[in-house]
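Student:
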Amino acid sequence: MSNFHPHHYRKLLCNVNKRPFSLDSVIYSFKMCSGGSMWVVLVGLLIFREGIWIETTQEDFADGIYERNIYASHRNGGAVEFVFKYDLDRNGYIDLFTAGHYGDNVYIYWGDADGYRPDRRRAFPISGGGNCDAADLNRDGYPDFVVAPNRCKFIRIYWGTSTGPDPYNYQEFPLPDYKDEACFVADLNKDGYLDIVIAAYDASNFIIYWGSKEGYNPNNSTLLPSDWSCHNIEVADFNKDQWLDLCIVNMHGGYNCIFWGSENGFEDTTMLQSFDWDAHGLSVADLDNNGYLDLIFTGCRGFQEAFIYWGDSSGFNRSDTLHTDQCYGGSSVGDLNKDGYLDIVFHRGWQPGVSLTPCIYWGSESGYSDTNRTFFGFPIEGSGGTVADFNQDGDLDIFCNSYSTGNSYVYWGPDFTTYTALPTDRDHHGMFREVGNVYDRGYYEDYLSSIYDGGAVTYWRRLSWDDSLPPGAGIKLFVRTGNTPQPDTSWSGWVEIPNGGGIPASLRARYIQYKAHLTYTNPAYLPVLWEVRVEYGSGVGVEIMPSQVDTVLPGEVKDYGFDVTNLGDSIDVVDLLITDTLSWSYSALDSVGNPLGDHNGNGYPDLVIDSLDTVRFLLRVQVPETVLYGVVDWFELIARSSRDTTVMDSADLELVVGLAPSVVIYPDRYDSARTGEVVEYLLYVGNSGNGVDTVDLRNFGTRPGWVVIYLDSVYQPLKDHNHNGWVDIPGLSAYGGLDSFRFWVRVPDSEALYVTDTTVVRAYSGYDSVVWDSVVVRTYVYGRRVLVIDSSQVDSVDPGAEVRYGLEARNLGDKGDTVELFSRHTGSGWQVIFYDSLGNPIQDLGYLGPNERVSFSAGVRAPVGALAGEVDTSIVYGRFVSDTTIYDSVLLWTRVKLKPGLSLYPDQVDTGGPGDTVDISFYVQNLGNGSDYCDFVVVSKYPVVLLDSLGAMLSDHNGNGKPDILLGYGEVVRVVSRVYIPAGAVVGEADTVVVTGSSGYDPEVSDQVVLVVNVVGVMINFAVVPDTSGRVEAGRSISYGMRLEYEGNVDDVIDLEVVGIEEGWGVSLVDSSGVALVDHDHDGLVDFGSVTTGVYRFGLVVTPPRWRGLVGEIYRTYLDTVVVYGYGSRVSKSDSAVVVTVMVPPVDIHNYPNPFAGGTSFIFSLSDDGVVNLRVYNRAGELIRELVKNRRYELGVYRVSWDGRNRYGRRCAPGVYLYLFEFKHKGKLDRIMKKLLIRGK
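This note's numbering puts the first residue of the sequence shown at 46, with every later residue one more than the last.
Structure (structure tokens):
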């Protein structure tokens, strides 16, 4: 505790000549900092009961009362902060530890919004596992990582960084034995440096490494006796003497020990004996809510019970026994079911080989019982764990370190049926530190200060403090006072005081004490208390509040209320000193609007206020009529005590002038015009508001067909400067800004005479569209000028030719004029030429008097290369030369005709045997300028049919009785002429087939092709066999035995081809010796060479691709169906065999896409025939949707879609879900569980 501070020193100096005193002069020393140097200054001061008590250094805070989770640190000179750091990478989520006993690594699993994943962890190479703890040991702002690895003869501190502890930057302390496996970090001696307890230094001792300003040194340590101390250590102030005590679990010796902390270290011990050997595990909490901590001991091997030692004012005098079986991992405590009683999680099992299911003993008013417990999860060799709300969903979750199974597990609350597996190798006590207050696991800690002596009955005036509050954290402070050196029944109760708030006068006393209540909602975000200030004085004090900021408008009158509090110990007259920067008119009024009086006659309005009473007054402000937008007037209001005019407080009133827009537009206008004419009106816009404004312009009521245009003073179109869709006049200055614009109105050509258009033009403020003014513009129609061009037409034309359209122009107005001609929208390459009635080219129609008419024509010429069906849409215009706004137009729609042309080629010769079918291909090319049908006529001796390129017989599409094909512009199509040679044909005979193709549009346009077929020797029988199938694992090969059976009277080369090979599959053809077949006749296909009648054996080798996993869409190549074709070279014959190969996939599943917002698909592969179930669960393990239920599937890959809705048809909330896939086949059950993430839309 420090009674003096530089601020306190300055305050005393200010008051040394203004207050009476009765104490002797004494000399005090205190610290002052300047320029990075430190002086100790001795100052002779006269001490009064007036000043400030500040606690800000480590020494100030160290004499307080607090439990193990917080300490008085040296950070930034001094602070009350938390010891353990739950979030080592500082992302807002709790991180978890696993410690492989025989593996190569200790792991930190990083928590995040998705929970924990095997791919989000950091490995710390170390060949032994044990307790891990975390704290900012060197106060650099980054959590450090302490590991006590069993079997390693050392401990390590991994130093923290901005992204978490560095696996390769550590400090290591050697140990003489392999037995260490437990650690605990706390400030045991209250020196502001964290200490590290390690069990065991050797089989007979454990060790404390004392923290210091220089860090940690093996020479700065203390050995304490034990009997192979092990998992785990607990630290707390068990006897409430304000010093932390140590509770040690001894593996051997049959007893556990409490080492009692004191100012001189750990001198006394208490033995707790109720078992023989193999103690393992310890938790501390106030289980019976009697205000004293209780102990829970567990063990393994022969130790198959848990013992609860109940604490009370006399110590630990009795114990209860729970038949938990072996608990190698100890226990964890938390109110899991939120019923107000602490529950106990027992981490059951023992290595090696004893796997037991974890269980929860439920707390109740009657305590704990073997009959009131719940098992969860599945059997493991439990080696540790902890309880906390890891996913921040409001329910506690359970982390279980597991020595067996290759994983440790996070069980998600509230029902603990769903879990996340975290891979590790024989996790050995990795996690033990429990979250929350040591008594009730609440997310809070209390710091109780030392007692401050005011020297006599003191008027305590104000409490304030400095803190750091991350999201969800808070600090509240309470005070109590009394007149005895230690709190007793005469003291006041605790009174909460807001930061900066006054302390009630009823708490006047000689002694004062404060309590800080530090709270948090997320263990990753913990508060820090930096400084506490208690002001006290002679009993004079005032307060005025609140400071205010407001927006006002020109000419407005507003009242602002201020509260003045007399913080003194008797009635006071409080003067009000009011000033402002712009000299606006204002007055001070009481709460009902009456002017304040001057009770003490000093020229200032004032308030008479009783001690600790609060009185409200009003400041009435008159805003000037013409003040500009954005101007700020700042009022300072000082409340000054009349008892001591040096005692005062102030509040501010900041008034910002808001925008008061006002616009005007003038004058109304009237004019007349003839049809087709434009009338110009000059209009003015003014700004009478208090800020520069942009005035938007809009018109209403304009007659249909009339056109209005807004122009500036130089006849440029007005623009939309503020991008709101309307033209405007920008930058009109406040209070009188003026500009003009020109408003054009055009009368339609077809408007009737003697009508009036009434257009309303409105000017809107660009700041507020409800502020506007308007004018009326009236235009009267007194005559018209009309030109008519008749009429729009449609025709067609040959490529390169011209078509002429007969047109007429008529002047229906009352004034003659020359009519000029022009065209628009004429297509590229097209031409429009105008002719008079005699056919002579012209540019205009000459003078056309009122009611006269004249005939002319427009020739439209198509390009030479125009395609059939191409369309030109030229618009022909006629307009008066003297007034180009008077015009008319017609549309000339011209389509290009079809001009056909065909070519058939080439003439060909082919051979075939008696009874053979010979296919001879030829080509048809469209030489016309558009699509056309080609009709065919065939003349031959043998039967002939015509086929398309796909082998389908040609049909009659245009209904003229002839087979045909449709040819696009310039298209070339292959046609097959299939000739059937009669069985009785004589070798050496020939048939000449003449095919004639003619245009379907013009049959006179035609061409021919001549095809000759010569009869030769024949092939009697030819076959590729057999059709077959097989199964093969991914990446392996399968060979099929195939054969070619050939019979005929002519030798031939039989080509082989394999078609239908799926992407990624490999297929090859080999001879009976396994040698790859080659291409003897160099036609691009492998063959046997020249063959005669006989059977030829060969092999088909099929290799499926390696299994790529189920990524994205269905991987479809699990099945490959290929066809092995054999083709005769001399004789046109072929045969084929179908070979089906099924790739046997592994059992797998995934969903795609993931994450998703609307829907997703589950894609799964089956290695056999069997029965499938697929269900979706939430994180709580509740069934959301059953997508597949006991459905039988064959081997293969399948897809099941899900629309993201639950079984009631409602869309699921965004978040993480689990799906379970079950596959029953041949007496086996495969189960796969995975996560999916639904995003918000």
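Glycine is no exception: its CB is placed at the ideal position from the N, C-alpha and C atoms.
To the nearest angstrom, how far is it from the Cα of residue 1124 to the Cα of residue 1116?
Tutor: So the alpha carbons of these two residues sit roughly 13 Å apart.
Student: If you measure between the beta carbons of residue 1240 and residue 1212, is that distance less than 8 Å?
Tutor: Yes. Within cutoff.
Student: Using the three-state DSSP reduction, which class does residue 418 fall into: helix, strand or coil?
Tutor: It is a strand residue.
Student: How close, in whole Å, do the beta carbons of residue 214 and residue 203 come, if the pair is a contact with beta carbons under 8 Å?
Tutor: Yes, they are in contact, since the Cβ atoms of residue 214 and residue 203 sit about 7 Å apart, within 8 Å.
Student: Is it right to say residue 455 is buried, meaning 16 or more other beta carbons lie within 10 angstroms of its own, or is it exposed?
Tutor: Under this definition residue 455 is a buried residue.
Student: Return the Cβ separation of residue 823 and residue 715 in integer angstroms, given the expectation that the two are a contact with Cβ distance under 8 Å.
Tutor: At roughly 5 Å, the Cβ-Cβ gap stays under 8 Å, so residue 823 and residue 715 are in contact.
Student: Taking the straight line between their C-alpha atoms, what separation do you get for residue 103 and residue 165?
Tutor: If you take the alpha carbons of residue 103 and residue 165, they lie about 38 Å apart.
Student: May I ask which residues mark the beginning and end of the alpha helix (DSSP H) holding residue 105?
Tutor: Where residue 105 is concerned, the enclosing alpha helix (DSSP H) stretches over 103-107.
Student: Might you give, ordered along the chain, the residues of its own chain that have their beta carbon closer than 6 Å to the beta carbon of residue 391, omitting 5 neighbours on each side?
Tutor: Taken in chain order, the residues that qualify are 369, 372, 376 and 404.
Student: Determine the contact status of residue 664 and residue 605, defining contact as a CB-CB distance below 8 Å.
Tutor: Yes, these two residues count as a Cβ contact at 8 Å.
Student: From what residue to what residue does the beta strand (DSSP E) around residue 1195 run?
Tutor: Note, residue 1195: beta strand (DSSP E), 1193-1197.
Student: Leaving out five residues before and five after residue 452 in sequence, what residues of the same chain have Cβ atoms less than 7 Å from its Cβ?
Tutor: 466, 467, 468 and 469.
Student: Comparing C-alpha positions only, which one of 815, 1056, 1282 and 1266 sits nearest to residue 1199?
Tutor: With distances taken between Cα atoms, residue 1199 lies closest to 1282.
Student: For residue 859, count the other beta carbons within 10 Å of its own beta carbon; 16 or more makes it buried, fewer makes it exposed. Which is it?
Tutor: Burial call: exposed.
Student: Do residue 814 and residue 805 have their beta-carbon atoms positioned less than 8 Å apart in this structure?
Tutor: No, they are not a contact pair.
Student: By Cβ distance, which residues of its chain are closer than 6 Å to residue 1085, with the 5 residues on each side in sequence left out?
Tutor: Only 1073, 1145 and 1184 meet the Cβ criterion.
Student: Would you decide whether residue 531 is buried or exposed? Buried here means 16 or more other CB atoms lie within 10 Å of its CB.
Tutor: So residue 531 ends up on the exposed side.
Student: With a threshold of 7 Å (Cβ to nearest heavy atom), would residue 429 be considered close to the ligand NAP?
Tutor: Of the ligands one can find in the structure shown there are none, so the ligand NAP has no counterpart to examine.
Student: Evaluate the contact criterion for the segment 502-518 versus the segment 569-586: three or more CB pairs, one atom per stretch, below 8 Å.
Tutor: At 8 Å Cβ cutoff, the stretches touch.
Student: Using 8 Å for Cβ pairs, my map puts residue 1104 next to residue 1167. What's the rounded Cβ distance?
Tutor: With 8 Å as the limit, residue 1104 and residue 1167 qualify as a contact, their Cβ atoms being about 7 Å apart.
Student: Check whether the Cβ atoms of residue 1011 and residue 976 lie closer than 8 Å to each other.
Tutor: Cβ atoms of residue 1011 and residue 976: closer than 8 Å.
Student: Report, in whole angstroms, the separation of the C-beta atoms of residue 499 and residue 555, which I expect to be a contact under 8 Å.
Tutor: Sure, about 5 Å apart at Cβ, within 8 Å.
Student: Determine the DSSP secondary structure at residue 797, reduced to helix, strand or coil.
Tutor: Correct three-state label for residue 797: coil.
Student: Taking the CB atoms as reference points, tell me whether residue 852 and residue 911 lie closer together than 8 Å.
Tutor: Cβ distance not < 8 Å, so residue 852 and residue 911 don't count as in contact.
Student: Which residue or residues does DSSP assign as beta-bridge partners of residue 402?
Tutor: For residue 402, which the question treats as bridged, DSSP gives no partner whatsoever.
Student: Taking 6 Å as the limit between beta carbons, can you name the residues of its chain near residue 900, skipping five residues before and five after?
Tutor: Same-chain partners within the cutoff: 853 and 882.
Student: In whole angstroms, give me the CA-to-CA distance for residue 427 and residue 462.
Tutor: Whole-angstrom Cα-Cα distance: 17 Å.
Student: I'd like the ranges of any beta strand (DSSP E) spanning at least 3 consecutive residues and lying wholly in the segment 936-977.
Tutor: Qualifying beta strand (DSSP E) stretches, in chain order: 947-950, 953-957 and 962-971.
Student: For residue 160, tell me which candidate among 1263, 1170, 886 and 361 has the shortest Cα-Cα distance.
Tutor: The candidate whose alpha carbon is nearest that of residue 160 is 1263.
Student: Go to residue 1085, then tell me how far its beta strand (DSSP E) extends in each direction, as first and last residue.
Tutor: Run containing residue 1085: 1083-1093, per the beta strand (DSSP E) assignment.
Student: Leaving aside the five residues before and after residue 744 along the sequence, list all residues of the same chain whose C-beta is less than 6 Å from its C-beta, in chain order.
Tutor: Here the set comprises 753, 804 and 806.
Student: Along the beta strand (DSSP E) that carries residue 672, what are the first and last residues, could you check?
Tutor: Taken as a continuous stretch (DSSP letters only), residue 672 belongs to no beta strand (DSSP E), as it is neither H nor E.
Student: Quick one: any contact between the segment 974-991 and the segment 1074-1093, if contact means 3 or more CB pairs under 8 Å?
Tutor: Output reads no: the segment 1074-1093 does not touch the segment 974-991.
Student: In the structure shown, what three-state DSSP assignment does residue 550 receive?
Tutor: In this structure, residue 550 counts as helix in the three-state DSSP scheme.
Student: Whole angstroms is fine: what's the gap from residue 872's alpha carbon to residue 1015's?
Tutor: Near 22 Å, if we compare the C-alpha coordinates of residue 1015 and residue 872.
Student: Where does residue 122 fall in DSSP's three states?
Tutor: In this structure, residue 122 counts as helix in the three-state DSSP scheme.
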